[in-house]
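Per this note's numbering, the sequence shown starts with residue 36, numbered consecutively.
As structure tokens, the structure follows; a few thoughts come after it.
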Amino acid sequence: MKLSRVAALSSSLLLGAVLALTGAGQAQAAAVDYVALGDSYSSGVGSGSYDGSSGDCKRTPKAYPALWAAANSPSSFAFTACSGARTGDVTSGQLGPLNASTDLVSITIGGNDAGFADVMTTCVLQSESTCVNRVNQARAYVDSTLPGKLDAVYSAIRAKAPGARVVVLGYPRFYKLSGSCVTGLSEAERTAINSASDYLNAATAKRAGAHGFTFASVVPQFTGHEICSGSAWLHSVNWLNIGESYHPTAAGQSGGYLPAFRAVA
């Protein structure tokens, strides 16, 4: 009898301790202060339902930062990512919400600095050789100039949010090679564009790591959902809404970017 009472008491105490720890863990998770920075891949261009108050920044509740915030109920959520943003735009206009209490930061940046929109336009409108030459120019910029610009952004983030976990997300590969597309760019152009995306991701990951930040690739999530895959999570060229071309759809945000962020956030 006495042993049974001791066992029951021990079980009750253990259960109480587990519940207390679980509650503490939930409270800690809810106390996260999250700031989402970056360009159109973070603001959600291409996924629709844009917040009119965000103007040309085209932020949307369908973007991965808003989806993560909706699912995790952080104590605060500041969403300053903006369509068209370059590294200088982040440092000059997006860092206001960061402070010593910020726990979590996400960012996509660098594609606009490298001129990726111009690369895609060139490849769609001009010859294969001109396309490949423009891709090579972008790669040269990634080698010579982009690392310093990324360093400036990352240093500014760390200075304002010294204790935050910073997640830098990359860009998808755009094309499935030997895929379902029968018109449009040549296979050589698609290969060059994919290679440039990988090159940009590698450079970004290296600089993120140098600052102690976490780099999250989205390439695995988008594999099988590239343009020409038959199940694309990326818009191809859209002449009626050119700004959404080569951006993730709503499925690309929820099925591609969100899981990549959630896995490391």
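We treat Cβ as the ideally placed atom computed from N, Cα and C, and that holds for glycine.
{"Item": "Spatial distance of F296 from I142 (CA atoms)", "Value": "10 Å"}
{"Item": "Secondary structure of G278, DSSP reduced to three states", "Value": "helix"}
{"Item": "One or two residues paired with D68 in a DSSP bridge", "Value": "S111"}
{"Item": "Residue from C117, K184 and L139 with nearest C-alpha to V70", "Value": "L139"}
{"Item": "Alpha-carbon to alpha-carbon, L204 and G150", "Value": "18 Å"}
{"Item": "Cβ separation of S78 and A113, assumed to be a contact under 8 Å, to the nearest whole Å", "Value": "No, S78 and A113 are not in contact; Cβ-Cβ is about 13 Å, not under 8 Å."}
{"Item": "Where I228 sits in the DSSP three-state scheme", "Value": "helix"}
{"Item": "Euclidean distance between Cα positions of L181 and I228", "Value": "18 Å"}
{"Item": "Sequence ranges, beta strand (DSSP E) only - wholly within the stretch 136 to 179, length at least 3", "Value": "139 to 143"}
{"Item": "Three-state secondary structure (DSSP) of P132", "Value": "coil"}
{"Item": "Extent of the continuous beta strand (DSSP E) run through A120", "Value": "Premise fails: A120 is in no beta strand (DSSP E) and is neither H nor E."}
{"Item": "Identified DSSP bridge partners for V201", "Value": "V140"}
{"Item": "Distance CB(E222)-CB(S230) smaller than 9 Å", "Value": "no"}
{"Item": "Enclosing alpha helix (DSSP H) for A251 [first to last residue]", "Value": "Note, A251: premise wrong, no alpha helix (DSSP H); beta strand (DSSP E) at T249 to A251."}
{"Item": "Through-space distance from S271 to T218, alpha-carbon basis", "Value": "12 Å"}
{"Item": "Integer Cβ distance of D26 from S118, believed to fall under 8 Å", "Value": "Only positions 36 to 300 of the chain appear in the structure, and residue 26 is not among them; the question remains open."}
{"Item": "N- and C-terminal bounds of the alpha helix (DSSP H) containing P283", "Value": "Element bounds for P283: n/a, residue is neither H nor E."}
{"Item": "Rounded separation between P96 and S162 - CA only", "Value": "38 Å"}
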